[in-house]
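Each protein sequence line maps, in turn, to chains Z and G. Counting in the working numbering, the first sequence runs from 135 upward without gaps. Counting in the working numbering, the second sequence runs from 135 upward without gaps. Here's the structure, in structure tokens; my notes come after.
Number of protein chains: 2
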Amino acid sequence: MRIEIVVFDGFDEIDVFGPFEALSSAGFQVALAAVERPGVVVSMRGVSLNVSAVLGEADGVVVPGGGWLNHAEEGSWAQAQRKVLPNRLVELAPNTRWLASVCTGTMLLATAGLLTGRHATTNHNAFDELAPHVAEVIDERVVDDGDRITAGGLTAGLDLGLWITERELGSERADQVSRSMEYERQGRVWHAPKRR
Amino acid sequence: MRIEIVVFDGFDEIDVFGPFEALSSAGFQVALAAVERPGVVVSMRGVSLNVSAVLGEADGVVVPGGGWLNHAEEGSWAQAQRKVLPNRLVELAPNTRWLASVCTGTMLLATAGLLTGRHATTNHNAFDELAPHVAEVIDERVVDDGDRITAGGLTAGLDLGLWITERELGSERADQVSRSMEYERQGRVWHAPKRR
Numbered sequence: 135m136r137i138e139i140v141v142f143d144g145f146d147e148i149d150v151f152g153p154f155e156a157l158s159s160a161g162f163q164v165a166l167a168a169v170e171r172p173g174v175v176v177s178m179r180g181v182s183l184n185v186s187a188v189l190g191e192a193d194g195v196v197v198p199g200g201g202w203l204n205h206a207e208e209g210s211w212a213q214a215q216r217k218v219l220p221n222r223l224v225e226l227a228p229n230t231r232w233l234a235s236v237c238t239g240t241m242l243l244a245t246a247g248l249l250t251g252r253h254a255t256t257n258h259n260a261f262d263e264l265a266p267h268v269a270e271v272i273d274e275r276v277v278d279d280g281d282r283i284t285a286g287g288l289t290a291g292l293d294l295g296l297w298i299t300e301r302e303l304g305s306e307r308a309d310q311v312s313r314s315m316e317y318e319r320q321g322r323v324w325h326a327p328k329r330r
Numbered sequence: 135m136r137i138e139i140v141v142f143d144g145f146d147e148i149d150v151f152g153p154f155e156a157l158s159s160a161g162f163q164v165a166l167a168a169v170e171r172p173g174v175v176v177s178m179r180g181v182s183l184n185v186s187a188v189l190g191e192a193d194g195v196v197v198p199g200g201g202w203l204n205h206a207e208e209g210s211w212a213q214a215q216r217k218v219l220p221n222r223l224v225e226l227a228p229n230t231r232w233l234a235s236v237c238t239g240t241m242l243l244a245t246a247g248l249l250t251g252r253h254a255t256t257n258h259n260a261f262d263e264l265a266p267h268v269a270e271v272i273d274e275r276v277v278d279d280g281d282r283i284t285a286g287g288l289t290a291g292l293d294l295g296l297w298i299t300e301r302e303l304g305s306e307r308a309d310q311v312s313r314s315m316e317y318e319r320q321g322r323v324w325h326a327p328k329r330r
């Protein structure tokens, strides 16, 4: 199973490297993937990455946040304005096992219309902004609505990675990864009732 | 206050980006710093970074792990064999407020003789290897022995960053950062008795 974590200028570092560590440790094939073309991507705080993969070959996609709340010139808000990434996610959605997000990466899915009628979560400071785009904002660490899996702010990406591991590979594997990362899972995972 | 997080080929991603996020969020000036010269550094799982800073201008230094336990060709074990980074840390120690480590980054400090007579921690799987180099291995999340501050495996770097924030800027600031990262601190911080 191949998982792509999208990176764009202005992404928040832990939104990417939290799930990256958990999902890689679980044994998934994990790639950082640029939106349109390979090249240099610079994080919110100036970390410069050489990215060779491009979004589009994944079984699962993780969308990080960064720069939404302050409408930063580069970041998830800027990506929503530019439309390239949202349009790409809409194209990919039908052929992808799931789309996931961390922090205000959820707002990118939401404004693309990909969370309409769904339950979802995001950074606590973006709850009000998320509400009009979804059926219900759920105040939990990870919200699993089937083919959309969203997580709270920043470090919630670690729990997203562990939950995806549990969902795909079972709870024993997720517990192993959690131990190997010396991380005790925080918060709870909410499931869509219709999937149970 | 300037904090340098050393990066070398084979570093473990979360060892670097855990403390990076916490310390940056706290308002410290944080730089990823190469060992000898600026250039490309590739992490344990192939993330390629363009690093412009070089170790040597910091008030505090954080050393990550990665690749120690399996003696990987690149990583903290390889850095210990090559001696360049350990020698540099020995040179810098007297003029640095503190040296800190995450995971098997502690083994780099230890084998450089920088933890002799000290209390320290590391990845749980390296406790036996650490023991001969220190006064006592302490099984806690973060161990503060004054000018040496060590953390457990991987995600313990988040708590290291929050503890350094608390130590330098106070517990209120650390609590703010913890909340903003949506991270509940895990484990405990051990202090050297002589500092109390």
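Idealized CB from N, CA, C, for every residue including glycine.
Each residue's CA atom was taken as its position, placing Ser186 (chain G) and Pro172 (chain G) some 5 angstroms apart.
Taking 7 angstroms as the Cβ-Cβ cut-off, the stretch 177-197 of chain G approaches chain Z at Arg179, Val181, Ser182, Leu183 and Asn184, given in chain order.
Only residues of its own chain outside the window of five on either side were considered, and among them Trp297, Arg301, Val323, Trp324, His325, Ala326 and Arg329 have a CB closer than 8 angstroms to the CB of Asp278 (chain G), listed in chain order. For a cut-off of 8 angstroms, the C-beta gap from Pro266 (chain G) to Val196 (chain G) is around 24 angstroms, too long to register as a contact.
A Cβ-Cβ separation of about 6 angstroms places Val169 (chain G) in contact with Val140 (chain G) under the 8 angstroms criterion. For Gly173 (chain G), the pairing in a beta bridge is given by DSSP as G:Val185.
In terms of CA proximity to Ala308 (chain G), G:Thr299 leads the group G:Glu316, G:Thr299, G:Met315 and G:Ser314. Per DSSP, reduced to three states, the secondary structure at Gln320 (chain G) is coil, with no helix or strand assignment.
DSSP places Gly194 (chain Z) in the strand class (E or B) of the three-state scheme.
Collapsing the DSSP output to three states places His253 (chain Z) in a strand. Contact annotation for Ala290 (chain Z) against chain G: Glu316 [CB-CB distance below 7 angstroms, chain order]. The continuous beta strand (DSSP E) containing Asp278 (chain G) extends over residues Val276 to Asp278. Here His267 (chain G) carries a helix assignment [DSSP, helix/strand/coil]. Between the C-alpha atoms of Thr240 (chain Z) and Glu270 (chain G) there is a straight-line separation of about 45 angstroms.
By the neighbour-count criterion, in which a residue is buried when 16 or more other Cβ atoms sit within 10 angstroms of its Cβ, Thr256 (chain G) is buried. When the Cα atoms are used, Glu138 (chain Z) and Gly209 (chain Z) turn out to be separated by approximately 18 angstroms. Only residues of its own chain outside the window of five on either side were considered, and among them Val268, Ala269, Asp279 and Arg282 have a CB closer than 7 angstroms to the CB of Arg252 (chain G), listed in chain order.
Taking C-beta atoms under 8 angstroms as the contact rule, Ser235 (chain Z) and Ala167 (chain Z) fail to qualify, at a distance of about 14 angstroms.
Within a 10 Å sphere around the beta-carbon of Pro198 (chain Z) sit 16 or more other beta-carbons, which makes this residue buried. At a cut-off of 8 angstroms between C-beta atoms, Leu294 (chain Z) does not count as an interface residue with respect to chain G.
Sequence-distant partners of Leu157 (chain Z) (beyond 5 residues in either direction) whose C-beta falls short of 6 angstroms from its own C-beta, in its chain, are Ile137, Val164 and Gly295. In this structure, the straight-line span from the alpha carbon of Phe142 (chain G) to that of Asn229 (chain G) is close to 22 angstroms.
Within chain G, the residues placing a beta-carbon under 9 angstroms from that of Phe151 (chain Z) are Glu147, Ile148, Val150, Phe151, Gly152, Phe154, Glu155 and Val181, ordered along the chain. Residue pairing of Ser235 (chain G) in beta bridges, as defined by DSSP: G:Val197 and G:Thr284.
The beta carbon of Ser158 (chain G) falls within 8 angstroms of a beta carbon belonging to chain Z, placing the residue at that interface. Here DSSP, grouped into helix, strand and coil, assigns His325 (chain Z) to strand. Bridge partners of Val141 (chain G) according to DSSP: G:Ala168. For a Cβ distance threshold of 7 angstroms, residue set Glu318 of chain Z lies close to Gln320 (chain G), ordered along the chain.
At a beta-carbon threshold of 7 angstroms, the residues of chain G lying near Leu166 (chain Z) are Val181, ordered along the chain. When Cβ-Cβ separations below 8 angstroms define contact, Val271 (chain G) makes no contact with chain Z. Between Val174 (chain Z) and Asn184 (chain G) the beta-carbon gap is near 7 angstroms, inside 8 angstroms, which marks them as a contact. Cα atoms of His258 (chain G) and Cys237 (chain G): separation of roughly 8 angstroms, rounded to the nearest angstrom.
In the DSSP annotation of this structure, Leu203 (chain Z) is not part of any alpha helix (DSSP H), being labelled neither H nor E.
Assignment of beta-bridge partners to Arg136 (chain Z) by DSSP yields Z:Gln163. Distance from the CA atom of Leu242 (chain G) to the CA atom of Leu219 (chain G), rounded to whole angstroms, is 8 angstroms. The residues Trp202, Leu203, Thr238 and Met241, in chain order, have a CB closer than 7 angstroms to that of Ala260 (chain G) in the same chain once the five nearest residues on each side in sequence are set aside.
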